[in-house]
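Participant: Quick one: this structure, given as structure tokens, is what I'll be asking you about.
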Amino acid sequence: MSVTVRVPAKVNVQLAVGAARPDGFHDLANVFLAVGLYDEVTVTPADELRVTCEGPDAAEVPLDRTNLAARAAIALAARRGIEPAVHIHIAKDIPVAGGMAGGSADGAGALLACNTLWGAAASRAELLAICAELGSDVPFSLVGGAALGIGRGEQLTALETGGTFHWVFAMAERGLSTPAVFREFDRLAQGRQIPEPVASPDLLEALAKGDVEALAGAVSNDLQPAALSLFPELADTLEAGRGAGALATLVSGSGPTTAFLAPGAESAEKVAAALRASGTCRSVRTAAGPVAGATVL
Ligand code: C5P
Numbered sequence: 167m168s169v170t171v172r173v174p175a176k177v178n179v180q181l182a183v184g185a186a187r188p189d190g191f192h193d194l195a196n197v198f199l200a201v202g203l204y205d206e207v208t209v210t211p212a213d214e215l216r217v218t219c220e221g222p223d224a225a226e227v228p229l230d231r232t233n234l235a236a237r238a239a240i241a242l243a244a245r246r247g248i249e250p251a252v253h254i255h256i257a258k259d260i261p262v263a264g265g266m267a268g269g270s271a272d273g274a275g276a277l278l279a280c281n282t283l284w285g286a287a288a289s290r291a292e293l294l295a296i297c298a299e300l301g302s303d304v305p306f307s308l309v310g311g312a313a314l315g316i317g318r319g320e321q322l323t324a325l326e327t328g329g330t331f332h333w334v335f336a337m338a339e340r341g342l343s344t345p346a347v348f349r350e351f352d353r354l355a356q357g358r359q360i361p362e363p364v365a366s367p368d369l370l371e372a373l374a375k376g377d378v379e380a381l382a383g384a385v386s387n388d389l390q391p392a393a394l395s396l397f398p399e400l401a402d403t404l405e406a407g408r409g410a411g412a413l414a415t416l417v418s419g420s421g422p423t424t425a426f427l428a429p430g431a432e433s434a435e436k437v438a439a440a441l442r443a444s445g446t447c448r449s450v451r452t453a454a455g456p457v458a459g460a461t462v463l
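Per our numbering, the sequence shown starts with residue 167, numbered consecutively.
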């Protein structure tokens with residue numbers, strides 16, 4: 167018997183970053199939107215824990231116990247006093263090290279899949295607690311939709327959305343490490359007073375109304391200068407998308423994936439075609455959101 171869970175990628179429509187905390191993390195006001203690009207995580211009973219991965223970026227995915235999917239299985243098994251004896255297979259479509267929560271998606275997916283396979287009966291609250299231990303973005307991968315994350319991003323409040331938003335994502339030639347981007351944020355922030363991160367009321371209203379023009383005017387990412395500082399060529403990709411009619415352009419999370427908000431599905435395809443032709447990125451995808459979080463298939 168196997169269990170398969172489908173988990174979406176995310177884009178941060180707002181990422182407000184506060185000063186570094188004593189524990190090294192940063193307080194955030196993080197507005198997540200789940201978009202329809204998915205990893206599928208399948209768990210099957212096995213003699214011992216094993217992780218395999220397929221997909222265009224599979225070679226870059228660690229298959230040892232650092233993989234968030236493996237860590238999720240270990241964490242749930244430890245709570246039940248059982249062995250994490252599963253084969254976890256990841257069919258990966260979310261870009262690796264892209265700022266779209268691909269690793270977090272696999273963690274949330276493996277957790278939900280193991281909970282189902284083992285009949286471990288973890289409540290939603292227990293699953294969310296384990297997700298928060300695994301990483302700041304993992305709880306959102308479980309719940310999906312749209313949500314505001316505060317604290318280090320893991321304390322979620324669901325947000326209302328009044329429509330579907332159409333996005334184009336440009337994958338970069340190489341990855342960026344999230345800790346490195348936060349370190350660069352700290353370096354660039356030296357000597358400056360960093361305000362408390364707060365969610366933008368205009369942005370929340372735009373999401374609630376499904377107003378794409380208003381959303382375009384309200385998106386922001388405080389990590390963008392740090393990502394651009396480490397990866398200056400991303401400015402060319404952003405420029406190519408803007409020139410092709412995107413209403414808003416931004417780096418997704420800690421990057422280096424760049425995100426382009428389009429007025430509709432058709433214009434998203436036009437922006438995607440222009441980005442492909444621009445030669446400024448490795449590959450281009452379109453996806454709409456919000457979509458549901460981790461779901462057992
Ligand atoms: O929580 P997660 O493991 O996803 O975080 C990865 C890294 O990103 C952390 O080690 C930290 O360097 C940085 N981070 C941060 N503040 C946050 C979330 C992540 O500094 N709120």
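Using N, Cα and C, we set each Cβ at its ideal position, and we do this for glycine too.
#1: For residue 176, which of helix, strand or coil comes out of DSSP?
#2: Beta-carbon within less than 6 angstroms of residue 283's beta-carbon, same chain only, minus the 5 sequence neighbours each way: which residues are those?
#3: Pull up the DSSP beta-bridge partners for residue 218, would you.
#4: DSSP puts residue 451 in a beta bridge; with which residues?
#5: With respect to 6 angstroms, is the separation between the Cβ of residue 345 and the closest non-hydrogen atom of the ligand C5P below this value?
#6: What is the rounded straight-line gap between the Cα of residue 214 and the Cα of residue 250?
#7: State the start and end residues of the unbroken alpha helix (DSSP H) segment that holds residue 364.
#8: Round the Cβ separation of residue 332 and residue 431 to the nearest angstrom and send it over; I've been treating them as touching at under 8 angstroms.
#9: Check whether the Cβ of residue 198 lies closer than 6 angstroms to any heavy atom of the ligand C5P, and answer yes or no.
#10: Taking the runs of the beta strand (DSSP E) that are 3 residues or longer, which of them lie wholly in the region 299-326?
#11: Less than 7 angstroms between the beta carbons of residue 254 and residue 241, yes or no?
#12: In chain order, what residues of the same chain lie with their CB nearer than 6 angstroms to the CB of residue 226, ignoring the 5 residues before and after it?
#13: Using the three-state DSSP reduction, which class does residue 205 fall into: helix, strand or coil?
#14: For residue 353, is the beta carbon positioned less than 6 angstroms from some heavy atom of the ligand C5P?
#15: For residue 381 versus residue 407, is the C-beta spacing smaller than 7 angstroms?
#16: Kindly indicate the opening and closing residues of the beta strand (DSSP E) around residue 424.
#17: Here's the rule I'm using: 16 or more other beta-carbon atoms within 10 Å means buried, otherwise exposed. How should residue 465 be labelled?
#18: For residue 417, report the span of its beta strand (DSSP E) as first-last.
#19: With respect to the alpha helix (DSSP H) encompassing residue 432, which residues constitute its N-terminal and C-terminal limits?
#20: Measuring alpha carbon to alpha carbon, tell me which of 223, 373, 350 ends up nearest residue 264.
Facilitator: This is what the structure gives:
#1: strand
#2: 169, 209
#3: 255
#4: 335
#5: yes
#6: 7 angstroms
#7: Premise fails: residue 364 is in no alpha helix (DSSP H) and is neither H nor E.
#8: 5 angstroms
#9: no
#10: 312-316, 321-324
#11: no
#12: 262
#13: strand
#14: no
#15: no
#16: 424-428
#17: No answer is possible for residue 465: the residues shown for the chain start at 167 and end at 463.
#18: 414-417
#19: 431-444
#20: 223
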